[in-house]
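Notes to accompany the following structure.
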Amino acid sequence: MNLQELRALLAQLDTQMRGIMAGADKEKGLSADEATRFDDLEKQFDTVQDQVARLERAEKRSKYMDEATSVAVVPSNDGGNERSEDDYQSAFWKAVRGEALEPMETRALATNVDNKGGYLVPESFADTIIKKVAEKSVMRKLATVSSSTSLESLPVEGDDGENGWIDEEGTYPESDPTISQVQLNAYKTGRIIKVTDEALDDTVPAVEGYIALKFSKSTTKAEEKAFVTGDGIKKPTGVLVTAEVGKTAALADAITGDEIIDLEFSVDEDYAVGGCFMMNRNTLKAIRKLKDSNGQYLWVQGFSGTPDTFNNKPIVINKHMPDIAAGAKPIAFGDFSYYFIKDRKVMSMKRLDEKYADTGHVGFRIDKRVDGKLVLPEAVKTLEMAAS
0 MNLQELRALL
10 AQLDTQMRGI
20 MAGADKEKGL
30 SADEATRFDD
40 LEKQFDTVQD
50 QVARLERAEK
60 RSKYMDEATS
70 VAVVPSNDGG
80 NERSEDDYQS
90 AFWKAVRGEA
100 LEPMETRALA
110 TNVDNKGGYL
120 VPESFADTII
130 KKVAEKSVMR
140 KLATVSSSTS
150 LESLPVEGDD
160 GENGWIDEEG
170 TYPESDPTIS
180 QVQLNAYKTG
190 RIIKVTDEAL
200 DDTVPAVEGY
210 IALKFSKSTT
220 KAEEKAFVTG
230 DGIKKPTGVL
240 VTAEVGKTAA
250 LADAITGDEI
260 IDLEFSVDED
270 YAVGGCFMMN
280 RNTLKAIRKL
290 KDSNGQYLWV
300 QGFSGTPDTF
310 NNKPIVINKH
320 MPDIAAGAKP
330 IAFGDFSYYF
340 IKDRKVMSMK
350 RLDEKYADTG
360 HVGFRIDKRV
370 DGKLVLPEAV
380 KTLEMAAS
């Protein structure tokens with residue numbers, strides 16, 4: 000659910016709670032059924048309220064990053080400051096289909112050749128890839144995502160300092176926060192996509208749509224795995240690599256409800272208020288079986304679009320989280336909006352005519368650049384299983 004839908008759900012839950020209170024017996028108060036219903040609604044309200052707070056912070060950070068990002072302008076061939084995106088796009092897709100180019104189109108493409116002979120893809124196509132990747136990515140929905148055409152270093156303040164109480168004309172206390180730099184690079188991920196000769200004879204939307212679909216699917220798989228467990232070598236640094244360990248389980252193959260609660264409360268309140276749990280389905284299966292001393296399940300199923308919860312905190316499923324095993328980190332909790340993802344809109348594509356000619360295909364080598372890092376390690380913490 001998006002921010003607007005969540006706010007609407009909050010209003011709906013509030014109306015239902017007010018209705019229960021208004022209809023209660025003025026002398027006896029709420030009946031047992033009414034009290035149970037009210038408590039359930041209140042828990043849902045708190046969960047949705049946490050989601051709204053997290054999305055509002057992410058929206059604010061994204062807006063700030065967008066405002067701070069400058070977009071490069073591609074010089075035009077006629078001496079102006081900008082070239083026509085439509086003209087370039089038309090020439091680009093004619094080259095993709097192998098059609099003859101006019102001299103003006105050839106010159107336009109020649110100004111945007113990468114170091115291996117490929118063409119920079121039109122900005123609209125790059126936007127399509129990024130949008131399609133975001134639709135299927137778990138981390139991108141939680142992280143702070145922005146785009147630029149260059150590398151970027153982010154100043155990260157590790158200590159906010161503290162105000163003092165000052166007498167009239169007194170001395171102000173000085174704050175000396177620790178400020179570090181987190182650099183977001185441009186790691187390349189790519190593949191070769193084969194298209195049949197017949198498909199290239201179709202209209203541009205058919206070819207463009209096919210390449211966008213295939214590349215976005217494979218890109219999502221590569222990125223999502225890196226955003227979770229990437230070692231930072233020629234790829235993004237995964238959240239599990241940077242996040243601090245909040246709790247170590249007593250066993251190597253089993254998790255208790257108390258250990259999950261300890262993990263939650265190991266995260267500072269500033270980050271826990273909008274936090275969520277992240278795990279894969281196998282771990283969720285184990286969590287769903289946990290019960291309290293009265294035999295009641297600790298896991299609560301979501302409904303009406305709200306996620307499942309544990310201790311009133313949302314559970315997010317990510318298949319790239321590890322299984323429960325010795326030394327593994329199967330659960331993470333915290334505010335994932337402190338994981339920053341930076342897309343480079345500079346993408347390139349090269350047509351390979353001869354490589355697959357014997358099978359009636361044309362190859363297209365396409366790449367995308369991206370980086371991701373958890374800028375505040377204390378914002379997300381992990382549950383680590385015992386070594387053995």
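Numbering (numbering that gives the first Met the number 0), first residue to last: 0 to 387.
Every residue, glycine too, gets a C-beta built ideally from N, C-alpha and C.
For the alpha helix (DSSP H) holding residue i, just list the boundary residues, first then last.
i	result
alanine 331	Alanine 331 -> not in any alpha helix (DSSP H); beta strand (DSSP E) instead, spanning 330-333.
serine 123	122-135
threonine 14	2-21
With a Cβ-Cβ cutoff of 8 Å, do residue i and residue j count as a contact?
i	j	result
asparagine 317	valine 227	yes
methionine 346	valine 120	yes
proline 321	lysine 328	yes
valine 51	arginine 17	no
aspartate 49	valine 272	yes
threonine 241	leucine 373	yes
aspartate 196	glycine 301	no
isoleucine 192	isoleucine 210	yes
serine 146	isoleucine 129	yes
lysine 246	leucine 382	yes
valine 315	phenylalanine 276	yes
threonine 188	glutamate 222	yes
arginine 53	aspartate 334	yes
leucine 108	alanine 99	no
lysine 234	tyrosine 186	yes
glutamine 43	threonine 305	yes
alanine 31	serine 336	no
leucine 212	lysine 341	no
Comparing alpha-carbon positions, which option in the options lies nearest residue i?
i	options	result
phenylalanine 124	Leu375, Asp370 and Ile365	Ile365
valine 379	Thr236, Asp267, Asp32 and Tyr355	Asp267
aspartate 252	Ala271, Ala221 and Ala285	Ala285
alanine 385	Val244, Val144 and Met138	Val244
glutamate 41	Leu54, Ala10 and Glu104	Ala10
leucine 375	Val47, Val369 and Phe339	Phe339
aspartate 126	Arg343, Ile19 and Phe276	Arg343
alanine 325	Leu250, Tyr296 and Arg96	Leu250
valine 194	Glu377, Arg368, Ile19 and Tyr355	Tyr355
leucine 199	Arg96, Leu54 and Asp85	Arg96
alanine 34	Gly117, Ala23 and Val299	Ala23
leucine 2	Arg56, Lys220, Trp298 and Gln15	Arg56
glycine 274	Glu4, Ala331 and Val181	Ala331
serine 136	Ala90, Arg280 and His319	His319
glutamate 58	Arg368, Lys140 and Arg280	Lys140
Quick one: give me the first and last residue of the beta strand (DSSP E) that residue i is part of.
i	result
aspartate 257	No beta strand (DSSP E) contains aspartate 257, which is instead part of the alpha helix (DSSP H) from 256-264.
lysine 341	338-351
methionine 384	Per DSSP, methionine 384 belongs to no beta strand (DSSP E) and is neither H nor E.
threonine 247	243-247
With which residues is residue i paired in a DSSP beta bridge?
i	result
histidine 360	Thr195
tyrosine 296	Lys290
methionine 277	Val315 and Ala331
valine 272	In DSSP, valine 272 forms no bridge with anything.
threonine 228	DSSP lists no partner for threonine 228.
phenylalanine 309	Trp298 and Lys312
valine 369	Tyr186 and Asp342
glycine 28	Asp24
serine 147	Arg343
threonine 236	Asp230
| message | For the region 286-293 against the region 216-224, do three or more pairs of beta-carbon atoms, one drawn from each stretch, fall closer than 8 Å, so that the two count as touching? | response | no
| task | For the region 255-275 and the region 344-362, state whether three or more C-beta atom pairs, one from each stretch, are separated by less than 8 Å. | result | no
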